[in-house]
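The next block holds one structure in the form of structure tokens; read it before the comments.
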Amino acid sequence: METQYKFSIYHAPIKNITPLKTSNLEDVHKLLISDKYKAITTTLRETKDKDQQNEIKASKLDYVTFSGVFSKRAKSGLIQHSNLFCIDLDNLNNVTETKSNVIELLTPSLIFVSPTGKGLKLVYKINIEVAEHIDYYKAFEQFFIKEMNLTIDEKCKDIPRACFLCYDSEAYLNKEAEIIDKFFIDTFYTEPEKVQQVEQKILISEPITDYSIIIDNIKTWLNKKMNFVNGNRNQYITQIAGAFNRYGIPKQIAENDLILYAETDFKESDIKAIVKSIYNNTAYHNTASFEINTPYDFTIDEVEVKKEVTPTPLLPINGFPEYLQGFINEYVDVYNVPRDYIAASVIFSTALAIGNKLELETKYDNIPILWLAIVGNVSSGKTEPLKTCLSYFTNKDKAAFKEYQINLSLYNAYNELSKKDKANTEPVEQPRYFQYLLNDYTPEALYNVHTVNNRGLCIYRDELKGWLDDFGRYSKSGEQSTMLSTFYRQPMQINRASKEPIFIDKPCIYISGGIQPEILNDLAKDNRAENGFLSRFMFAYPDLADKQQYSKARLNKDTLLNYHKYLSVLDNLTSIVDLTLNDEAETLYSNWYNDNAEKTNKELTGYLKGVYGKLDVISLRLAIVVHGMKLVCNQETNTQITESTMQTAIDLIEYFRATALKVYDKIFKDNGNSNFNKKDVAKYCHSLGASQNEIAASLKVSQQYVNKILK
Numbered sequence: 095m096e097t098q099y100k101f102s103i104y105h106a107p108i109k110n111i112t113p114l115k116t117s118n119l120e121d122v123h124k125l126l127i128s129d130k131y132k133a134i135t136t137t138l139r140e141t142k143d144k145d146q147q148n149e150i151k152a153s154k155l156d157y158v159t160f161s162g163v164f165s166k167r168a169k170s171g172l173i174q175h176s177n178l179f180c181i182d183l184d185n186l187n188n189v190t191e192t193k194s195n196v197i198e199l200l201t202p203s204l205i206f207v208s209p210t211g212k213g214l215k216l217v218y219k220i221n222i223e224v225a226e227h228i229d230y231y232k233a234f235e236q237f238f239i240k241e242m243n244l245t246i247d248e249k250c251k252d253i254p255r256a257c258f259l260c261y262d263s264e265a266y267l268n269k270e271a272e273i274i275d276k277f278f279i280d281t282f283y284t285e286p287e288k289v290q291q292v293e294q295k296i297l298i299s300e301p302i303t304d305y306s307i308i309i310d311n312i313k314t315w316l317n318k319k320m321n322f323v324n325g326n327r328n329q330y331i332t333q334i335a336g337a338f339n340r341y342g343i344p345k346q347i348a349e350n351d352l353i354l355y356a357e358t359d360f361k362e363s364d365i366k367a368i369v370k371s372i373y374n375n376t377a378y379h380n381t382a383s384f385e386i387n388t389p390y391d392f393t394i395d396e397v398e399v400k401k402e403v404t405p406t407p408l409l410p411i412n413g414f415p416e417y418l419q420g421f422i423n424e425y426v427d428v429y430n431v432p433r434d435y436i437a438a439s440v441i442f443s444t445a446l447a448i449g450n451k452l453e454l455e456t457k458y459d460n461i462p463i464l465w466l467a468i469v470g471n472v473s474s475g476k477t478e479p480l481k482t483c484l485s486y487f488t489n490k491d492k493a494a495f496k497e498y499q500i501n502l503s504l505y506n507a508y509n510e511l512s513k514k515d516k517a518n519t520e521p522v523e524q525p526r527y528f529q530y531l532l533n534d535y536t537p538e539a540l541y542n543v544h545t546v547n548n549r550g551l552c553i554y555r556d557e558l559k560g561w562l563d564d565f566g567r568y569s570k571s572g573e574q575s576t577m578l579s580t581f582y583r584q585p586m587q588i589n590r591a592s593k594e595p596i597f598i599d600k601p602c603i604y605i606s607g608g609i610q611p612e613i614l615n616d617l618a619k620d621n622r623a624e625n626g627f628l629s630r631f632m633f634a635y636p637d638l639a640d641k642q643q644y645s646k647a648r649l650n651k652d653t654l655l656n657y658h659k660y661l662s663v664l665d666n667l668t669s670i671v672d673l674t675l676n677d678e679a680e681t682l683y684s685n686w687y688n689d690n691a692e693k694t695n696k697e698l699t700g701y702l703k704g705v706y707g708k709l710d711v712i713s714l715r716l717a718i719v720v721h722g723m724k725l726v727c728n729q730e731t732n733t734q735i736t737e738s739t740m741q742t743a744i745d746l747i748e749y750f751r752a753t754a755l756k757v758y759d760k761i762f763k764d765n766g767n768s769n770f771n772k773k774d775v776a777k778y779c780h781s782l783g784a785s786q787n788e789i790a791a792s793l794k795v796s797q798q799y800v801n802k803i804l805k
């Protein structure tokens with residue numbers, strides 16, 4: 095039976111591990127000499143930065159697995175070996191000369207220049223029935239060292255090894271090339287002689303440099319103390335990626351290995367984001383090594399050579415309905431923004447659409463009032479996702495304002511009528527403008543708007559700093575104190591000298607906007623860290639939020655329209671729906687609540703105590719939001735919040751705990767905000783029985799200052 099040299103071909107990007115189809119050498123040769131990859135290859139070779147080259151290859155170039163047909167690109171996905179072996183020769187001094195020498199010495203079936211233009215890809219036919227793939231690798235390795243003084247890429251020994259396709263008008267194809275068989279292996283590879291161990295022999299310790307051995311050792315270590323299971327997958331991948339970085343595994347190899355852990359609800363994009371975040375810590379790269387002949391114990395202390403900043407996890411969306419996951423992922427693909435930004439914006443806009451119409455009854459009644467700050471540098475794309483998700487409300491406000499202007503004209507015209515004409519005319523009531531979004535407003539205007547819209551309005555600023563700077567701009571009205579009270583729906587009241595007083599029994603005010611990391615400390619000014627103002631915010635704060643490259647992709651016209659329809663279902667709820675936790679959800683929340691209480695009690699920092707305390711409430715509000723998502727997308731009419739919904743809310747709140755800690759570090763550690771730290775130290779020392787004078791002497795402040803901050 096004639097050997098079929100078939101193998102799998104895949105569409106870009108490299109994270110796609112599902113084959114497009116099976117192919118053969120002739121078809122691949124046609125692709126290589128065609129113009130299909132010409133433009134991408136030209137761009138790649140003109141790019142000097144190696145990381146950018148790798149990114150172009152990984153995202154733009156299709157690839158093949160020359161050595162086999164796969165159901166998915168993984169060792170476990172191998173269906174059949176192709177009887178082909180692909181060799182990479184990298185960083186060649188003279189590509190053309192090397193190509194001629196290879197064809198003369200050991201003619202391959204296919205040879206083409208690598209995507210970077212600095213290497214060659216060689217494909218040989220082999221007989222897998224007479225020897226293992228690894229045996230051919232060892233023989234090829236020795237052949238190229240002995241005959242050509244060249245080193246082949248050691249990853250060639252991996253059967254699922256991916257090979258990027260590119261443009262090469264002079265790609266060489268030889269259908270009659272000789273099959274490499276057992277004779278070749280016997281000629282060029284000899285098993286090393288086993289040296290008998292001598293008792294008490296002193297062995298020289300050398301570092302292990304084989305990436306595959308290092309990777310296997312790292313996984314052996316990790317699997318002794320941790321499993322890759324639901325609820326632990328982020329931490330598992332973070333641990334492995336951190337070890338890979340410290341032990342010098344190149345980023346691309348790490349990504350290619352770890353994306354094989356992807357599952358339906360644990361996306362490759364999540365894994366890639368973790369790897370990217372870890373490898374951003376370049377100071378830790380290649381700071382550790384395994385040693386040959388030196389016993390080592392895989393312990394946490396050994397691996398953690400340096401204290402590493404824990405990467406911020408991705409905001410989890412696996413508990414969202416599929417429709418919303420799809421909307422979020424499409425937005426990320428088109429705009430290349432951090433996923434956290436659009437995911438947090440979806441949460442917030444959903445909450446605003448719900449307003450006060452879904453109310454959770456526990457010991458305290460809750461509606462999904464949220465304060466959201468999206469943290470990112472200038473031009474990082476932090477503004478557009480929230481603006482997009484709130485565009486539904488912007489459009490509603492525009493339409494309502496047009497209607498208001500028409501009705502106001504009619505009202506003014508009616509008032510200009512004489513008494514006689516008015517008697518013969520249908521009375522016209524003074525119109526009121528119903529709006530959702532407030533940007534620049536006076537405190538009195540806020541009250542007026544809220545009397546019209548009592549279902550839920552939003553203070554929305556592109557930059558939250560501008561909102562904070564406006565406090566007290568019009569009068570010493572205690573606006574900051576009022577905002578603190580509205581978070582828990584405490585009544586609002588304003589008494590005006592020349593107008594009727596306003597009383598709002600249960601305010602429903604949402605707050606959202608962006609802020610730059612470098613001015614986060616402005617949020618803590620004017621006592622806002624101490625009085626709980628800062629701890630009311632949820633922060634969408636990804637690790638990497640740089641300005642992204644231009645993309646020609648466009649959001650489908652129906653995508654945003656359908657999202658508006660989704661919000662309109664919630665916005666059109668006219669009566670309040672009372673929700674409760676079912677028994678399983680309440681048990682889950684109770685366990686988490688108790689765990690959070692323990693964390694709160696152990697926390698010495700006053701600000702973080704406040705943060706943890708607010709998480710109890712915010713988690714329930716997030717549960718309402720997720721319930722609202724399912725109400726629309728899954729058409730769930732049950733008025734009980736389920737265990738799965740509560741778990742999603744808990745997953746979300748743990749993300750916001752992590753970002754709150756990140757904000758704390760940025761404000762109070764990076765900026766050296768000593769006043770805040772002194773207050774915490776003073777309170778802690780006072781709890782241990784230290785006198786005010788002793789505390790003042792230790793902190794080098796006055797006794798009066800200590801007395802003030804202890805009140």
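Counting in my numbering, the sequence shown runs from 95 upward without gaps. Ideal Cβ positions, reconstructed from N, Cα and C, are used throughout, including at glycine.
Item, Value
"Burial state of H544 (16 or more Cβ within 10 Å)", "buried"
"Extent of the continuous beta strand (DSSP E) to which K115 belongs", "K115 to S117"
"Limits of the alpha helix (DSSP H) - the one that A618 falls within", "A618 -> no alpha helix (DSSP H), and no H or E assigned at all."
"Buried versus exposed call for S102 [16 or more other C-beta atoms within 10 Å across all chains shown]", "buried"
"CA-to-CA distance, A437 to L409, given in whole angstroms", "7 Å"
"Boundaries (first-last residue) of the alpha helix (DSSP H) holding F421", "E416 to Y429"
"K457 versus D710: straight-line alpha-carbon distance, rounded", "12 Å"
"Beta-carbon proximity of L172 to I253, cut-off 8 Å", "yes"
"Ranges of the alpha helix (DSSP H) found wholly within the stretch 493-572, counting only runs of at least 4", "513-517, 537-546 and 558-563"
"Reference N548, options I461, Y429 and C602, closest by Cα", "C602"
"Cut-off 6 Å between Cβ atoms - residues of its own chain near F282, not counting five sequence neighbours on either side", "A233, Q236 and F237"
"Contact check, S629 vs G704, beta carbons under 8 Å", "yes"
"Three-pair Cβ contact test at 8 Å for the stretch 464-483 versus the stretch 432-449", "yes"
"Cβ neighbour criterion (16 or more within 10 Å) applied to M320", "exposed"
"Check whether I246 and I343 have beta carbons under 8 Å apart", "no"
"Exposure of Y435, with buried meaning 16 or more beta-carbon neighbours within 10 Å", "buried"
"Assigned secondary structure, A256 (DSSP; H/G/I helix, E/B strand, else coil)", "coil"
"V546 vs G475 beta-carbon contact at 8 Å", "no"
"Pair within 8 Å by beta-carbon distance, K212 and L178", "no"
"Beta-carbon separation (whole angstroms), K132 vs Y305, contact threshold 8 Å", "At roughly 32 Å, the Cβ-Cβ gap does not stay under 8 Å, so K132 and Y305 are not in contact."
"Contacting residues, own chain, Cβ-Cβ under 8 Å from F581 (five flanking each side not counted)", "I463, W465 and R630"
"Short Cβ contact (8 Å threshold) for L454 with I111", "no"
"Bounding residues of the alpha helix (DSSP H) (the contiguous stretch that carries S785)", "From DSSP, S785 is part of no alpha helix (DSSP H); its letter is neither H nor E."
"Spatial distance of L244 from K219 (CA atoms)", "20 Å"
"Cβ-based neighbour list, L682, same chain, cut-off 6 Å, excluding 5 preceding and 5 following", "E737 and M740"
"Span separating the alpha-carbon of I712 from that of I670", "20 Å"
"Neighbourhood of L352 by C-beta, 7 Å cutoff - its chain only, sequence neighbours within 5 removed", "I331, I334, A335, I365 and V369"
"P525 to Y749 span [Cα, whole Å]", "44 Å"
"Whole-number beta carbon distance between L614 and V469, since they are thought to touch under 8 Å", "7 Å"
"Reference D759; option with closest CA among Q574, F495, T406 and T674", "T406"
"As assigned by DSSP and simplified to three states, the class of C180", "strand"
"V397 to N460 span [Cα, whole Å]", "Since pLDDT at V397 reaches only 32, below the 50 mark, its modelled position is unreliable, and no value is offered."
"Contiguous beta strand (DSSP E) assignments of at least 3 residues, all confined to the stretch 192-258", "204-207 and 214-219"
"Euclidean distance between Cα positions of F421 and K651", "12 Å"
"Those residues which DSSP pairs with V158 across a bridge", "I103 and C257"
"Where G449 falls, given that 16 or more other Cβ within 10 Å makes a residue buried", "buried"
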